[in-house]
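To start, the structure under review is shown below, and the notes come after it.
Number of protein chains: 2
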Amino acid sequence: MSSANRVAATRGSGRPRQAVLDRELILRTALRLLDERGEQGAGIRDIARELGVRPSALYNHVAGQDDIIAGLRELVSDRIDVDGFGSLPWDAAVRLWARSYRRAFAAHPPTIALLAVRPLVPGSRTGRMYDAVCAGFLAAGWPEERVLTVVVALESFILGSALDQVAPDDMLDPGDGDDLQHFRAAYAARARGLAERRASDAAFETGLDALLAGLGAELAGAGPVGGAALSPDGGSAVGEA
Amino acid sequence: MSSANRVAATRGSGRPRQAVLDRELILRTALRLLDERGEQGAGIRDIARELGVRPSALYNHVAGQDDIIAGLRELVSDRIDVDGFGSLPWDAAVRLWARSYRRAFAAHPPTIALLAVRPLVPGSRTGRMYDAVCAGFLAAGWPEERVLTVVVALESFILGSALDQVAPDDMLDPGDGDDLQHFRAAYAARARGLAERRASDAAFETGLDALLAGLGAELAGAGPVGGAALSPDGGSAVGEA
C-alpha cells in the first residue's frame, strides 16, 4: 500500500497511529467534524487537515462535497431499523423505524437540518432504506400515491423530535413571575406528571401514537386525511389572518 | 440623538441612508445575516460590521448573543397566529397556529434548528405565545399535565415540516435504475397524485390531520395516547434491535 493511503490517526490518546485513508475514514472524520464544529467546519479542506493529507488525496476516494454528504446520510441512515417491515404489523414496524430514525439523527444533531434539505444521491444506500419502507407500506395496503406523502409526514415529525431530543429538558421553563399563568401552570403540571421521564420522550411517543391513530384510521378505510378539502396551495376552509 | 445612534444603512440600493441604531434594527440585521450566512456568520461582530458600528455600541441595546437569539425568536414567533385560541374550536385553532408557525420558520430556515434547541428567555414575548396556546388547550378540556407534552409533539412536527418545506421538491427522487422498485413506484405515483400541489404541503396537511385525529380522540375521552404502556426510558413493549 502506498504511503498516500496512510494517514496519521489524530483521534484518541496515545501515540499517533497510521490509518488507511479510505472512503469510510473520510466519512467518519467528516461526521465527527460536523458534530464538533457544524457544517462550516466540515468541508473538504477541514477533513484533509484533520487527516494530515492534501485535499487532492481525498478525491481518490470521494467525488466531492455532495458525495461526502451522501455518505454522511448513509452513515446515519444505516442505523435506521427497517426490519419490522415485512415481519411486524404495519404500525409496529413504523414505531421501530421511527424510534431508530430519531435516535440515529439525535446522535448527530447537525445532520438533522443538513440532511433534511439535501436531495438524495441516486445509488446511495439510503435509497434502499426508502425502498424497504415503501414495500412495507404497500404490503400493508397503503395506496401507491399516498405512501411517500405519509412517509414524509412521519419523517417531518421524527426529525423535529430529534431536534427536540437535543434541546435541554428545561427549554420551555417560563421562569419566575406573576404573568403567563396558563403557561406556568402547564409547565409545572407537566413536570409533576413526567416524574423521571424525559419531556422529549413523552412528546415523541405522544405524537407518534397520535399520528399512527390518525393514519391507521385512513388505512382502515376512513379515506385520506389531509387530502380532500384543501385548496392547491395547501390552505383550507379555515380563514387565516 | 447622538451620532452613536446613527448607522449607515447598508441594505437596499441607492445612496447610503442613516438609520437609527436600536434593538429592532440590530435584531433585523441579525436575522438577515443568519438567513444569508448561517449561525456562524451572524455573531455580534458580524452584526456590528454590517451596521458600521463598533461591537460595543450594540451593547447599549442588547445584552449579548443570548439576548439576540431571544429577540430573533420574538421576531419569528410574532408571526405565529394564536388568535384562534378562544374564538375557534380547538382543532381549528391548532390548524391556524400550526400553519402560521410552519410558515414563520420556513421563511427563515436557519432559525429552525437554532431556536429548536435554545431555551426560552424568561420575559420574552415568546412566553405570551405559549401562554395563549396553553390557555386554549386548557379551555378545550386538555388535562393540565398533558398540555405541553401535546404542544411539543405538535411543534416537533411543525418544525420538521418547516425543514421539509425548505427542501427541494425532488428531494426524494430515486433517479434512474432497475432496482428500488417499490420506492420508484411510490415516487412516480405521488407525483401523479399531487398534480400541481407541493409535496411538502401535502405531507404537512396529512400529518396535521392525522395528529389532530389522534389527539382529538384522546381529548374526546379515549385516554392518553403515548403515555400508558411505556417504560420510563420511552421504550415500549415492541422490541428494538
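So the sequences go chain by chain: A and B.
Heads up: the first sequence at position 25 corresponds to 1019 in our numbering, and the numbers run straight through without jumps.
Heads up: the second sequence at position 119 corresponds to 1113 in our numbering, and the numbers run straight through without jumps.
Glycine included, each C-beta is placed from N, C-alpha and C at the ideal position.
Note that the coordinates shown come from a computational prediction; the quantities given were computed from them, not determined experimentally.
Beta-carbon neighbours of residue i, restricted to chain A and to distances below 7 Å
i                : result
Q1059 of chain B : Chain A residues near Q1059 of chain B: none, gap ~15 Å exceeds 7 Å.
F1177 of chain B : G1121, Y1124, D1125, C1128
E1139 of chain B : A1183, R1184, R1186, G1187
For residue j and residue i, the rounded distance between their alpha carbons
i                : j                : result
V1115 of chain B : L1066 of chain B : 11 Å
V1014 of chain B : G1058 of chain B : 19 Å
R1026 of chain B : L1019 of chain B : 11 Å
G1233 of chain B : L1082 of chain A : Interpretation of G1233 of chain B is limited by its pLDDT of 36, a score under 50 that renders its predicted location unreliable; the figure taken from the coordinates is listed afterwards. Rounded to the nearest angstrom, the two C-alpha atoms are 11 Å apart.
A1147 of chain B : L1090 of chain A : 18 Å
T1200 of chain B : T1143 of chain A : 7 Å
E1138 of chain A : G1037 of chain B : 47 Å
T1023 of chain B : V1111 of chain B : 22 Å
A1211 of chain A : Q1175 of chain A : 37 Å
F1099 of chain A : D1029 of chain A : 11 Å
Y1181 of chain A : R1093 of chain A : 25 Å
I1063 of chain A : F1198 of chain B : 25 Å
A1204 of chain B : P1103 of chain A : 27 Å
A1161 of chain B : G1080 of chain A : 30 Å
A1156 of chain B : G1046 of chain B : 33 Å
D1170 of chain A : E1068 of chain A : 45 Å
R1119 of chain B : G1032 of chain B : 24 Å
M1123 of chain B : D1173 of chain B : 48 Å
R1140 of chain B : C1128 of chain B : 10 Å
Within chain A, partners of residue i - CB distance below 8 Å
i                : result
I1152 of chain B : G1154
I1062 of chain B : By Cβ distance, chain A contributes nothing, its closest Cβ being about 18 Å from I1062 of chain B, past 8 Å.
A1214 of chain B : Those within 8 Å of A1214 of chain B in chain A number zero; the least Cβ separation is about 12 Å.
A1098 of chain B : Ordered by position in chain A, no residue passes the 8 Å Cβ test against A1098 of chain B, which lies about 12 Å from the chain.
T1023 of chain B : Correct list: empty, because the minimum Cβ distance to chain A is about 20 Å.
Beta-bridge partners of residue i, as assigned by DSSP
i                : result
L1257 of chain B : The structure shown does not extend to residue 1257 of chain B, since chain B spans only 995 to 1235, so no value can be given for it.
V1160 of chain A : Note: V1160 of chain A sits in no beta bridge, so no partner.
Closer than 8 Å to chain D by CB, residue i
i                : result
L1027 of chain B : Protein chains in the displayed structure are A and B, and chain D is not among them.
Cβ-based burial, residue i [other Cβ within 10 Å; buried from 16]
i                : result
R1096 of chain B : buried
I1159 of chain B : The identity of residue 1159 of chain B in the sequence shown is Gln, whereas the question assumes Ile. Buried, by the Cβ-count rule.
Y1053 of chain B : exposed
S1050 of chain B : exposed
E1044 of chain A : buried
G1215 of chain A : exposed
R1073 of chain B : exposed
A1189 of chain B : exposed
D1125 of chain A : buried
D1016 of chain A : exposed
G1228 of chain A : Since pLDDT at G1228 of chain A reaches only 39, below the 50 mark, its modelled position is unreliable, and no value is offered.
D1060 of chain B : exposed
A1107 of chain B : buried
G1135 of chain A : exposed
Chain A contact residues for residue i, given Cβ-Cβ distances below 9 Å
i                : result
V1088 of chain B : Ordered by position in chain A, no residue passes the 9 Å Cβ test against V1088 of chain B, which lies about 10 Å from the chain.
E1030 of chain B : Ordered by position in chain A, no residue passes the 9 Å Cβ test against E1030 of chain B, which lies about 13 Å from the chain.
Proximal chain B residues relative to residue i, where beta-carbon distance stays under 7 Å
i                : result
A1107 of chain A : I1106, A1107, L1157
A1110 of chain A : L1157, D1158, A1161
A1211 of chain A : A1207
L1052 of chain A : Per Cβ cutoff of 7 Å: no residues; L1052 of chain A is ~23 Å from chain B at best.
A1101 of chain A : What A1101 of chain A touches in chain B: nothing, since even the nearest Cβ is about 14 Å away.
Contact test: residue i Cβ vs the ligand GTP heavy atom, cutoff 7 Å
i                : result
D1016 of chain B : What this structure holds is no ligand at all, so the ligand GTP is not there to describe.
Per-residue contacts from residue i into chain B (C-beta, under 9 Å)
i                : result
A1013 of chain A : Simply none; closest approach about 29 Å.
Could you list the residues in the segment 1124-1137 of chain A with a C-beta less than 7 Å from some C-beta on chain B, going in chain order?
Y1124, D1125, C1128, A1129, L1132
Just by C-beta distance, which residues in the segment 1181-1197 of chain A are closer than 9 Å to chain B?
Y1181, A1182, A1183, R1184, A1185, R1186, G1187, L1188, A1189, E1190, R1191, R1192, A1193, S1194, D1195, A1196, A1197
Return the residues of the segment 1060-1085 of chain A that lie within a Cβ-Cβ distance of less than 9 Å from chain B, sorted by chain order.
D1075, D1077, G1078, L1082
Closer than 8 Å between beta carbons: that is the criterion. Which residues of the segment 1157-1175 of chain A meet it against chain B?
From the segment 1157-1175 of chain A, only L1157, D1158, V1160, A1161, P1162, D1164, M1165, L1166, D1167, P1168, G1169, D1170, G1171, D1173, L1174, Q1175 have a Cβ closer than 8 Å to chain B.
Please list, in chain order, the residues of the segment 1036-1049 of chain B that have any C-beta partner in chain A closer than 8 Å.
none
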